[in-house]
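Below you'll find the structure, written out as structure tokens, and then a few comments.
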Amino acid sequence: MKLQGGRAIWLYIAPWVKPSREISTLPEMPETSESGRAYFSTSTGKVLVIDVICAEERWRAGGLPNPTPKGEMTDSGYFVFSTKAALVSLVQAQDSEHTGKIAGRLATMTKAYDDRETWAIVIGRLRNWNHNPKTWKVEPMSYGAPKPEGVFELTMMLVEKHKFDVYHRVGMEREIDERITANWDWKYREFKVGSPGRGERVRFGAFAEGPEYL
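One gets our numbering by counting positions in the sequence shown from 1 and adding 829 to each.
So, in structure tokens, the structure goes:
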């Protein structure tokens, strides 16, 4: 991880697990036991690591975005890299079906999660040949058939500022249709992401207005 200019492949280790409180770019480390089993601590008690892993769809180990982020790791545990990012904020959206009423969901434009500066940053881009660009359904390629159009998908990390110029990870999402993000207010800037973290995972999705909390 300290290799200067190295690729940050570790960012894709079990991204469905909540970030570590010590180094937020890594997943929470499990607790070991004399029985040989490993556990994660949750608000309702300890759960087996294997149960957590099997409960979520595995991210494709052989289909990592290319290129993966490239940067440097500081002695204090922050990964420093530059990437494209969109500022996240909470804005109430009007419900088009009920004039004058506020929609139940929150669109995101210019404020921040928990009053802290929050960004959705791109950490990977992958062309998925199996996704139909019109229906988004998976359509495996057939031998001898013309190569499908496919879609470009983004892998994104949600980071929250906790001190001047440094951030921690609070969530990650993949298979984001790049076309949806075409009109986002993108910035290209440097980030320092690492410890400490909240120790929780925040889910978010991509909408035409911007990244939105789920």
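Just so it is clear, CB atoms sit at the ideal spot from N, CA and C, and this is done for glycine as well.
| query | result |
| --- | --- |
| Ile1009 CB to nearest heavy atom of the ligand HEM below 7 Å | Ligands in the displayed structure: none, and consequently the ligand HEM is not present. |
| Straight-line Cα distance separating Pro977 from Asn961 | 8 Å |
| Among Trp965, Asn1012, Ile852 and Pro969, the one whose alpha carbon lies nearest that of Asp904 | Ile852 |
| Beta-carbon gap between Arg1008 and Ala914 smaller than 8 Å | no |
| Terminal residues of the beta strand (DSSP E) in which Met986 lies | Val980 to Lys992 |
| Burial state of Leu1043, where buried means 16 or more other Cβ atoms lie within 10 Å | exposed |
| Start-to-end residues for the beta strand (DSSP E) that takes in Lys1016 | Trp1015 to Val1022 |
| Given Arg956 as reference, the closest of Ile950, Pro975 and Phe981 once Cα atoms are compared | Phe981 |
| Straight-line Cα distance separating Gly874 from Met985 | 30 Å |
| Rounded straight-line distance, which links the Cα of Arg866 to that of Phe1033 | 31 Å |
| Classification of Trp1047 by the beta-carbon crowding that lies within 10 angstroms, buried from 16 upward | Any answer about residue 1047 is impossible in this case: the structure gives the chain only from 830 up to 1043. |
| Beta-carbon spacing of Thr897, Ile950 below 8 Å | no |
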